[in-house]
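Residue numbers (the numbering used here), protein chains in the order written: chain E, 124 to 412; chain F, 1044 to 1310. The structure appears below as structure tokens.
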Amino acid sequence: MEKLVKNEEAVEQAPILPVHNKNKKNRNKKWLQPQENIPHKLYLTVSVSSVVLLFAVWSLLTYSGLVDPLFLPTPTEIIYSGMVLFTEFGFIHDITITVYRVLAGFSIAVIIGLPLGILMGTFKVVEAFFEPTISAIRYMPASAFIPLFILWIGVGELEKITIIFVGTFFSLVLMTAVEVANVRRELLEAAYTLGRSNFSVLLSVILPASIPGIMEIIRLILGWAWSYIIVAELVASSSGIGSLILESQRMLKTGNIIFGILTIGVLGLLSDLILKVSIRKMFPWHYGR
Amino acid sequence: MKTMTNPKVQIDNVTKVFSGHKKNSPVLALDTTSLTVMPNEFITILGPSGCGKSTLLRIVAGLEEQTEGHIYLDGNEISGPSSNRGMVFQAYSLFPWLTVEENIQFGLKNSQMSPAQRKEVVQNYIELVRLNGFEKHYPRQLSGGMQQRVAIARALANDPDILLLDEPFGALDNQTRTLMQELLLEIWEKSNKTILFITHDVEESIFLANRVIVMTSRPGRIKADIPIDLHYPRPYNIKVDHRFLAYKEQLTELIREESLKAMMEVK
Ligand SMILES: Nc1ncnc2c1ncn2[C@@H]1O[C@H](COP(=O)(O)OP(=O)(O)OP(=O)(O)O)[C@@H](O)[C@H]1O
Ligand SMILES: [Mg+2]
């Protein structure tokens, strides 16, 4: 609703050309205006400079010897650690196994969770049945279940995948249900007066109306999966990025720890970017004009 | 027109009570309302805000269930919504994921038509509401008036006997509104549809209707039923005709009484 209203305003504003020209004159003041877009170049410059600044502070602290390299190695040392990890310790294998665990656990959560969430958001009976249990479990931290899962299913792949599943499934179901329940009534009513049946409305209105929101939920929760996998791999694991981080700590290889953390960051960022771009490609009617 | 034809719609002693939620007490929105609508009539419904106009229309559409009374369509009692009663909502009821032509086609999907026939029907209605060139646009790429034209075309494409419109032009500026009124009249004169049209605007109610229904403030009842004896087609400048102005004075007075009553009640 809100989005639609915003757009209505945009529709009205677009053709007023003189206002645009006026804005051009004051362009350099635009960054002081709340929520106003700034030129793309300026945005990029500011973004890049923040990264450069961080890097500069880091280099200053480490190359000057102000900080003990045991606590924080220099950038060159970290790059070196990374190269050694890849060439001598088969780091690519750890990355593969970690990615596999995240994707497996999260896919299962999506495959079961989406239909359940959609049904809960559509039919109050289904909601009444599942809501209490799912809401309760949602607030139990998945990491606290690890000892229990090890007891039940051992320390193999299944245990890691289960942790990802438990960490993402319940929130995914509830958030999907809310998204689906928020589909505007007028849309359903319009479909009814156009001759559609209850079942047909689920497929032809509720699903298409809520799918972009659901994809955004998936994107958000996939981000959580990356932190759950590290916790899972820190406990009783002999492979994966998390276990490498733990081992490096025992051997005081700070460079490896930091390289491992950076790798997780890059993986998370990459998966988020892929989803973000594909969502925008898939639903052009929802984003932009 | 007033031969021995049977009524198209019969609203028979309909009452609607909205049961209150928690602390709120129940609301009597409609109080024993009866109205007989003949085929091919264009009826506008006027009334102060909150008097139950939308409720009445939604009950006729089958989207809301009356607490008491009956609604008959061609002599048969209605149960639930159906494609023979098309509805145009106040705003934002287009499917945002469908283009203009897909929106208009939405109701045709479960008809017996071949894809080619469907395409032809859609093209007809796009031309009727003058949206040529916008077939592939999404609703958010259209202005408010264009969106309402699509909504009207979508309802018409299904070929309903009855068209229910709930303040469809409420959000439009005066010029667009006038054009839309003329367009709707033109469409109605070409077809044999029966129209129930809700509005706040006295001028609009006279310009369009062959009968204006005035409702009382809440609980809504029918206060007056005024036939508009002006010939169709009605040119735009009929709005300054002395007979038009006489209707306008009469209706404004009726509405004023009700609005005052509603105000007193609040005090
Ligand atoms: N779903 C609902 N639940 C409870 N009360 C409702 C509901 N819908 C309407 N009402 C009440 O019924 C009364 C009539 O509402 P309705 O929407 O029919 O008014 P209206 O004549 O269309 O007003 P407006 O001109 O402002 O659109 C109002 O007092 C409103 O509070
Ligand atoms: Mg209303």
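Beta carbons are placed, not taken as given, at the ideal position from N, Cα and C, and that holds for glycine.
If we define contact as Cβ-Cβ less than 9 angstroms, is residue i a contact residue for chain F?
i	result
residue 327(E)	yes
residue 185(E)	no
residue 351(E)	no
residue 251(E)	no
residue 177(E)	no
residue 314(E)	yes
residue 244(E)	no
residue 359(E)	no
residue 406(E)	yes
residue 318(E)	yes
residue 261(E)	no
residue 307(E)	yes
residue 237(E)	no
residue 332(E)	yes
residue 297(E)	no
residue 163(E)	no
residue 375(E)	no
residue 385(E)	no
residue 310(E)	yes
Taking all protein chains shown into account, do 16 or more other C-beta atoms lie within 10 angstroms of the C-beta of residue i, making it buried, or fewer, making it exposed?
i	result
residue 224(E)	buried
residue 1140(F)	buried
residue 1247(F)	buried
residue 1231(F)	buried
residue 394(E)	buried
residue 166(E)	exposed
residue 1191(F)	buried
residue 1049(F)	exposed
residue 1223(F)	buried
For residue i, would you say it is in contact with chain E, using Cβ-to-Cβ distances shorter than 9 angstroms as the test?
i	result
residue 1130(F)	yes
residue 1105(F)	yes
residue 1062(F)	no
residue 1095(F)	no
residue 1201(F)	yes
residue 1207(F)	yes
residue 1150(F)	yes
residue 1136(F)	yes
Can you tell me the Cα-Cα spacing of residue i and residue j, whole angstroms?
i	j	result
residue 1096(F)	residue 1104(F)	12 angstroms
residue 290(E)	residue 246(E)	25 angstroms
residue 1180(F)	residue 1189(F)	11 angstroms
residue 1202(F)	residue 1130(F)	11 angstroms
residue 200(E)	residue 172(E)	23 angstroms
residue 1128(F)	residue 1204(F)	6 angstroms
residue 1079(F)	residue 1150(F)	28 angstroms
residue 1229(F)	residue 308(E)	31 angstroms
residue 1240(F)	residue 1111(F)	23 angstroms
residue 251(E)	residue 285(E)	26 angstroms
residue 1293(F)	residue 1074(F)	24 angstroms
residue 1199(F)	residue 1206(F)	8 angstroms
residue 207(E)	residue 217(E)	14 angstroms
residue 1289(F)	residue 1089(F)	17 angstroms
Between the Cα of residue i and those of the options, spot the shortest distance and give me the residue it belongs to.
i	options	result
residue 282(E)	221(E), 402(E) and 233(E)	221(E)
residue 259(E)	231(E), 284(E), 353(E) and 297(E)	297(E)
residue 1234(F)	1177(F), 1065(F), 1084(F) and 1182(F)	1084(F)
residue 405(E)	359(E), 381(E) and 335(E)	335(E)
residue 192(E)	379(E), 214(E) and 229(E)	379(E)
residue 1257(F)	1243(F), 1251(F) and 1250(F)	1243(F)
residue 240(E)	228(E), 257(E), 229(E) and 226(E)	257(E)
residue 215(E)	253(E), 386(E), 203(E) and 238(E)	386(E)
residue 1137(F)	312(E), 322(E) and 373(E)	312(E)
residue 1060(F)	1306(F), 1125(F) and 1263(F)	1263(F)
Enumerate in chain order the residues of its own chain whose CB-to-CB distance from residue i is below 7 angstroms, with the five nearest sequence positions on each side excluded.
i	result
residue 1196(F)	1147, 1168, 1169, 1171 and 1172
residue 391(E)	346 and 349
residue 329(E)	245, 303 and 306
residue 400(E)	none
residue 1113(F)	1055 and 1120
residue 325(E)	245
residue 294(E)	261 and 344
In its own chain, which residues sit with a C-beta less than 8 angstroms from the C-beta of residue i, not counting the 5 before and 5 after it?
i	result
residue 1132(F)	1194, 1209 and 1211
residue 1225(F)	1279
residue 198(E)	178, 181, 182 and 185
residue 357(E)	365, 366, 368 and 369
residue 1063(F)	1069 and 1070
Residues in its own chain within less than 6 angstroms of residue i by CB, not counting five upstream and five downstream?
i	result
residue 1259(F)	1266 and 1301
residue 381(E)	201
residue 1115(F)	1053
residue 228(E)	284, 287 and 288
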